[in-house]
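Chains as they are written, first to last, in our numbering: chain B, 13 to 661; chain P, 2 to 345; chain U, 15 to 355; chain Z, 28 to 175.
Where is the CB? At the ideal position from N, CA and C, for every residue including glycine.
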Amino acid sequence: MTKKRTGVFVCHCGNNIAATVDVKKVAEAMSNEENVVASEDYVYMCSDPGQNAVLQSIKDNKLDSVVISCCSPNLHEKTFRDNAKRAGLNSFTCEIANIREQCAWVHKDKAVATEKAIKISRSAVRRAGRDQALEPIAVPVTRKVLVIGGGIAGIQAALDIANAGLKVILVEKLATIGGHMLQLSETFPTLDCSQCILSPKMVDVSRHENIELMTYSEVQEVNGSVGNFQVKIKQKPSYVDPELCKICDDCAAVCPVVVPNEHDLGLTARRAIHIPFAQAIPASYTLDENACLGLNPVRCGKCKDACDVGAINYDMLPKTVTEEVGAIVVATGYDLYAQEHMNELGGGQIDDVLDGLQFERLCSASGATKGHVLRPSDRTVPKDVVFIQCVGSRDPANHCAYCSKICCMYTAKHASLYKHHVPDGRAYVFYIDIRSGGKGYEEFVQRIMEEDEAIYLRGRVSKLYRKDGKVRVLGTDTLTGQNVEIDADMVVLALAMEPSKGTADIAKTLKIGRDKDGFLAEAHPKLKPVESVTAGIFLAGCAQGPKDIPETVSQASAAAAKVIGLLSQPTLSHAPTVAKVRNSHCTGCEMCVTACPYNAISLENGKALVNEVLCEGCGSCSATCVRSAIEVKNTTGLQIQEMIEACLA
Amino acid sequence: MEKILAKNKLDDWVAALSDWQVSAPIMEDDIWSYKASKGKVQLEHSNTVQPPKGFSFPQREVFFSFEQIKGQPPRLTPIQPKAARHAVFGVRPCDGAGAVRMDTVFNDQFQDNYYQARRSNVAYVGLACNKPQGINCFCQSVGGSPVSSQGMDVLMTDLGDRYYVAAVTETGKALMTAGGKVFGEPSADDKKKLKQTHADALAQPQRAINNVDAVPAKLKASFDSPLWEELARACIGCGACTFLCPTCHCFDINDENTSSSPLRGNRVRTWDNCQFPDFTMHTSGHNPRENQGARLRQRVNHKFQYFHENFGMSQCTGCGRCITECSVGVDIVNVVNKVTEHVG
Amino acid sequence: MINLQDMRDTARNMLAKNEVRGVIGYRRSTNGMLAEPVVITKPEQADELIWDPTCFHNLSLYLVEDRKFLAHTRAKADLPIAIIAKGCDARSTVVLMQENYFERKDVYIIGVSCEGTGVLDERKLVKKGIRATNSAFDGDDFVFTTEQGEQRIPAREVMADRCLECRECFPKEHNIVLGEDKTGRQLDAPFTALKRFEELDPAARWEFWDHQFERCIRCFACRSVCPMCYCDECIVDSTSFPVTGQTTADEKANRVKWIERSATRAENMTYHMTRVLHLAGRCIDCNECERVCPVNIPLRLLNNKMEREAREQFGYEPGASIGGPSLTASFLDTDPGKFIR
Amino acid sequence: MSEQQAEVTTDYEPRIVAFLCKWCSSAGSDLAGVSRIQYPSNATPITVPCTGSISPNYILSALKKGADGVLVSGCHIGDCHYIEGNFLARRKIHLVKELLGFVGIEQDRFRMSWVSAAEGAKYSQVIKDFVEDLRPLGPQTKVKAGRS
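Okay, structure coming up:
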């Protein structure tokens with residue numbers, strides 16, 4: 013290799029660096045380096061004059077590589093690489109030596125800080141000395157998007173993206189889209205009917221020419237990377253042809269099998285062949301094969317006989333399709349923390365202790381009791397109802413550490429709905445504190461307290477048990493310091509929200525991370541709240557963390573905007589710092605293939621072959637290869653070795 | 002100068018050599034190797050795993066150190082081996098013969114100062130082999146003898162409770178003179194016993210190279226023999242045979258950098274090894290000795306043909322180490338016999 | 015007991031029927047009583063094959079040599095090659111296949127069970143002062159022919175350390191197998207020697223290894239004899255360098271030198287430590303490296319240490335499965351991480 | 028071929044090579060900087076993409092070139108930017124650490140830590156602790172190449 017001509021530019025950063033690091037001395041030390049032909053310092057390297065000085069030096073000294081000793085590469089690596097590019101240099105031969113955050117700001121003694129700054133800079137000079145000029149890899153994109161989850165988040169994202177002219181595949185696990193929002197009676201703080209605002213959107217989805225809806229389906233496998241994912245989707249058979257089904261209910265009428273209805277959270281029953289609810293999209297019956305007597309005319313066959321239009325087909329098979337998409341939105345939503353976990357509150361074994369969603373179904377006009385609040389055990393009107401907040405939330409020792417965010421609001425809503433249904437009833441609310449940040453939220457809660465006369469008790473409930481046909485509630489009112497005992501007709505638990513079942517699996521399938529609570533992890537808590545850590549995969553709704561409907565809709569639209577932005581270009585550019593195989597040394601042992609987190613390596617004619625578009629340049633392959641037959645460009649063993657030497661010289 | 006040394010006086014002689022560092026074979030890590038004697042010398046060893054060649058030709062020799070500061074001419078600092086006089090006890094005749102061959106190589110046409118600086122300070126106090134040291138001894142097949150004083154400064158012969166000690170060189174005389182009164186004068190009986198012991202030693206059966214005089218010519222005629230590859234089929238290409246050989250002397254010279262900017266380091270000579278694949282590899286990737294057969298041929302031919310042509314003697318001294326220490330049964334005696342037996 | 019005639023007949027028949035192109039086995043060497051590896055290719059050579067306590071070599075090395083030879087000569091083998099494989103040899107063959115070095119169909123494994131006696135450690139015999147001209151298995155004993163006549167010694171007194179601790183003397187992976195499966199007949203608990211060594215305090219351990227690494231002469235016998243060290247270029251101190259038409263001048267000039275050629279302690283140590291780390295999860299304890307070391311560096315301790323870590327911390331058993339992932343290319347969520355701050 | 032023991036100096040300052048992953052620990056050390064948390068200057072950082080890319084050779088090489096201590100720091104388990112690079116590292120580094128201890132090299136010479144981008148204070152603590160633990164050990168001479 014012909015020797016590099018490197019220029020070093022040491023930034024004072026005003027006094028930020030220069031106060032602790034003798035920048036002149038650093039520049040001088042660098043000028044003694046073998047490859048260095050120019051070494052300068054300047055007060056603000058990132059300023060226009062600073063950048064111009066670098067530009068000029070590159071031209072004057074015919075530099076082929078530059079090192080900027082300045083702040084963290086997270087701040088100005090791009091600035092200086094772009095600048096180097098303007099001067100005709102390859103941007104990948106520009107290295108940053110972080111002498112501010114990692115040196116000047118954390119040390120006081122000028123002598124030792126200067127010495128360390130020299131080591132850091134020298135190390136960057138060595139790296140630059142063996143940097144290859146690299147060109148970004150252009151990746152053509154597929155202008156099609158996969159949205160996983162057909163709740164409000166998925167629906168909103170799908171509509172926004174489809175309206176921008178991109179094709180969307182919306183995959184929903186259940187037989188209908190709509191999600192939990194469809195189970196809600198009214199929504200806070202305006203108390204408008206949930207179904208009424210959601211149903212039109214669901215219809216839009218089903219009629220949109222750019223949206224392909226796949227219900228009763230799950231994503232099984234995802235390969236590829238941003239711009240070009242290959243997804244395998246499996247659609248379970250519904251045994252009913254939605255094109256033919258007239259939703260006449262003749263089939264359900266004759267079906268002999270009765271099972272609990274999930275849509276009503278078990279408060280009602282349904283048949284094996286059923287429609288989840290009247291306005292389901294797609295508007296079609298579904299035969300639940302787990303409940304059915306056997307999909308066999310010999311065993312039963314009543315529904316098939318009853319269907320005039322011949323929509324029922326017992327021989328329908330699962331269908332697996334493979335689709336190419338350019339981006340993915342994950343909106344897999346939440347589930348309520350199971351009552352079974354709450355041993356102190358009866359563990360789900362006490363009659364008339366409901367969770368919030370069950371209560372929604374009691375209040376809903378389309379629900380279990382046709383909109384009359386009746387307690388499940390004896391269908392009487394409950395006169396004393398206790399609502400308990402923070403059940404399972406904010407309890408790091410036993411349950412979930414986090415706040416589920418929406419419970420304060422929906423409990424207030426529940427109390428209000430209850431009082432509207434049963435004006436002479438008493439609504440008690442146990443709370444720890446009220447979190448009502450949101451437009452009109454605080455006013456809403458105040459109104460429930462004052463106008464609806466809900467009785468708010470600050471404290472926790474220690475025990476629930478059944479006594480004399482009622483539920484005895486033992487709690488404390490911490491404001492008066494007294495124990496409280498209430499014989500309630502019904503108790504409603506505001507259970508914590510947790511990531512929906514299957515979130516762990518989908519995270520694994522998508523190779524995206526989860527946070528400590530199991531929610532999908534955003535790439536950055538503040539600056540990248542809708543991006544996952546994997547490029548091209550975006551997050552929307554409660555899969556990423558508890559949130560209410562407006563917030564979910566905002567995030568879904570934000571994710572949609574990101575997707576639209578991403579796919580608005582004909583090609584994407586992928587970092588060229590990818591792994592490279594030395595064929596002469598590779599023996600095809602496949603260790604790198606196993607180690608690669610991105611399935612970017614395969615064996616071709618007995619040698620490892622890197623798919624540069626999939627490779628993220630993590631280097632797991634290179635550390636695993638015992639032969640050094642694979643290395644990441646510009647982070648080679650030789651570079652690291654020389655950097656080590658530079659750190660210890 | 003010929004003397005008698007009672008075995009229990011051996012340590013006294015060693016003690017008298019206060020100007021010398023004394024090394025002798027000691028058993029450590031289950032092998033015999035030459036180590037600093039620490040005052041005690043017991044000559045009950047079978048041959049050492051490593052020959053004494055490292056005393057004059059160490060595995061690593063620094064020639065000079067260098068430094069290149071940017072913008073300045075390179076600075077070299079020559080390094081000379083430290084000169085300490087070293088007496089090595091218990092050297093077997095095959096290794097004495099080895100020293101003669103090494104001296105020949107490093108003084109032929111060009112005198113290697115590093116070698117010579119060390120060699121001139123080393124004295125070998127040999128010990129004749131009354132019995133072969135192992136099953137693979139064949140010194141008599143290669144012009145040597147188990148009682149030879151070749152290459153020695155002193156030769157000792159074990160006569161039971163005493164050694165017959167004979168000076169071979171002036172250095173040897175000096176060593177013995179330093180011992181002074183620890184020695185006795187040999188009686189006629191001692192001389193007779195010595196003669197008998199030597200005669201008995203020579204009569205001990207050894208492995209043999211067949212028709213040894215014809216070997217160089219026959220090897221020359223067998224250069225293209227397919228037998229080489231066959232005989233090397235089990236060879237694993239390690240360097241044990243040559244690193245342990247008392248006469249293998251090939252070396253490599255490398256710059257070992259301690260810093261790359263400014264460039265600093267040492268120019269170092271290390272043993273090299275004709276059994277390693279890169280020994281003759283060209284930059285192009287071409288290797289004239291591209292398989293282990295060719296490398297075996299090189300080792301054998303160098304010992305038995307080329308050295309003969311250059312210096313009129315076999316380079317191999319028949320110590321048998323390369324046979325004993327080969328982990329897969331490559332046997333130089335067998336190889337020479339097999340290859341030559343088919344040549345007319 | 016292994017019937018030698020069975021072994022010879024098997025080899026002869028397979029060669030005669032053209033089922034294999036060669037049989038890798040043992041024959042008598044010219045170096046005393048020892049066996050040496052051989053590849054026979056003709057049926058009439060079958061009678062050269064032997065089986066005795068000096069058949070300690072791990073012959074899977076010659077499968078590697080064979081593949082290298084085929085690659086070098088660009089020859090295509092249409093028949094498999096057969097190998098006589100003890101339990102340990104079979105395990106290393108499995109690792110080689112796990113790493114795709116060759117395919118299962120390319121190898122015909124003639125397994126031989128060590129039946130719990132294992133093989134000889136020649137050094138232990140020398141230490142006992144026995145010079146033998148022949149050795150044979152007999153039940154739990156080895157029988158040596160010496161000048162003083164026949165000498166019978168309980169195998170465990172002179173058996174290789176690895177055999178004393180062997181957990182799997184029966185070659186599980188095989189096409190045919192000779193001898194009985196006496197798995198479980200280990201004489202010492204696994205890692206007995208290792209445990210003994212680990213009782214030393216760190217300072218004593220350092221003193222020990224300092225001395226050992228100092229002594230290494232870097233003849234690379236350990237590496238050369240190791241079936242797992244099949245790299246064309248060793249990344250620590252190569253004595254070979256594959257050059258192809260695509261090799262650039264830059265690659266030739268700028269090779270990473272993790273160590274220097276000088277056989278000094280630090281260099282030797284780096285060489286051995288790297289080797290040990292690269293063998294972690296791949297070394298199946300045939301202990302050929304320690305056997306061939308001319309200066310007796312106890313390399314088995316190092317490899318054993320890695321083997322035990324793999325087994326106890328990661329539940330990993332090298333040479334157990336052709337299809338399984340390699341140790342360092344895989345992980346478990348439950349891997350220990352307490353050492354991390 | 029014996030090497031000289033490095034003379035024990037009174038004002039000994041341990042020299043540490045710190046391999047930091049780009050996404051968490053390097054960012055964490057940036058945060059320490061932004062927060063102006065002071066810590067000893069003994070550790071010189073080398074940023075690598077991921078702890079999973081750290082070959083045992085890097086660690087041995089640093090020790091051989093005279094590092095008194097080597098630090099490897101990356102994302103917490105589950106937080107790896109590359110999903111599972113730190114899992115691979117954890118296994119590999121465990122082996123390196125065990126081996127170093129086995130041959131009698133002070134276990135405290137080598138350290139691994141998880142430092143997230145949010146843990147600037149932790150990064151500084153890791154360095155402080157490491158320097159304090161290294162100080163009593165004196166200069167590292169065991170693996171260090173001592174050339175004439």
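Interface flag, residue i vs chain P, CB-CB below 8 Å
| i | result |
| --- | --- |
| B/E46 | yes |
| U/V34 | no |
Best match in the options for proximity to residue i [C-alpha to C-alpha]
| i | options | result |
| --- | --- | --- |
| B/T647 | B/K90, B/S135 and B/K122 | B/S135 |
| B/A343 | B/P558, B/Q351 and B/G360 | B/P558 |
| B/D172 | B/A620, B/V341, B/A264 and B/N617 | B/V341 |
| U/V2 | U/L63, U/D20 and U/Q19 | The structure shown does not extend to residue 2 of chain U, since chain U spans only 15 to 355, so no value can be given for it. |
| B/G577 | B/N64, B/G62 and B/R155 | B/R155 |
| Z/L98 | Z/A116, Z/C107 and Z/E111 | Z/A116 |
| P/N137 | P/N211, P/T325, P/K339 and P/H343 | P/T325 |
C-alpha gap between residue i and residue j, whole angstroms
| i | j | result |
| --- | --- | --- |
| B/C601 | U/N114 | 5 Å |
| U/D224 | Z/K169 | 8 Å |
| B/E233 | B/A318 | 38 Å |
| B/L579 | B/N222 | 15 Å |
| B/S250 | B/T298 | 5 Å |
| P/P289 | P/C275 | 12 Å |
| P/N211 | U/K186 | 46 Å |
| U/I98 | Z/Y39 | 58 Å |
| B/D480 | B/A506 | 24 Å |
Residue i vs residue j beta-carbon contact at 8 Å
| i | j | result |
| --- | --- | --- |
| B/V545 | B/A570 | no |
| U/N189 | P/D30 | no |
| B/V565 | B/I245 | no |
| U/T288 | Z/P83 | yes |
| B/A140 | B/S77 | yes |
| B/C25 | B/Y56 | yes |
| P/M177 | P/Y165 | no |
| B/I498 | B/V403 | no |
Cutoff 6 Å; reference residue i; Cβ partners in own chain excluding five residues on either side
| i | result |
| --- | --- |
| P/L11 | V42 |
| U/F70 | V133 |
| U/L139 | V172 |
| Z/C140 | The sequence as given places Ser at residue 140 of chain Z; Cys does not occur at that position. Hits under 6 Å: S100 and V153. |
Test: residue i CB closer than 8 Å to a CB of chain B
| i | result |
| --- | --- |
| U/L29 | no |
Contact set for residue i: own chain, Cβ-Cβ below 7 Å, skip 5 residues either direction
| i | result |
| --- | --- |
| B/S549 | One point to set straight first is that residue 549 of chain B is Ile, not Ser, in the sequence displayed. Excluding positions up to five away in sequence, the list reads I340, V342, L522 and I524. |
| P/V15 | V23, S38, G40 and V42 |
| B/A377 | G383 |
Residue-chain proximity (residue i, chain Z), Cβ-Cβ < 8 Å
| i | result |
| --- | --- |
| U/Q354 | The displayed chain sequence assigns Ile, not Gln, to residue 354 of chain U. U/I354 counts as touching chain Z. |
Any C-beta of chain U under 8 Å from that of residue i
| i | result |
| --- | --- |
| B/R639 | yes |
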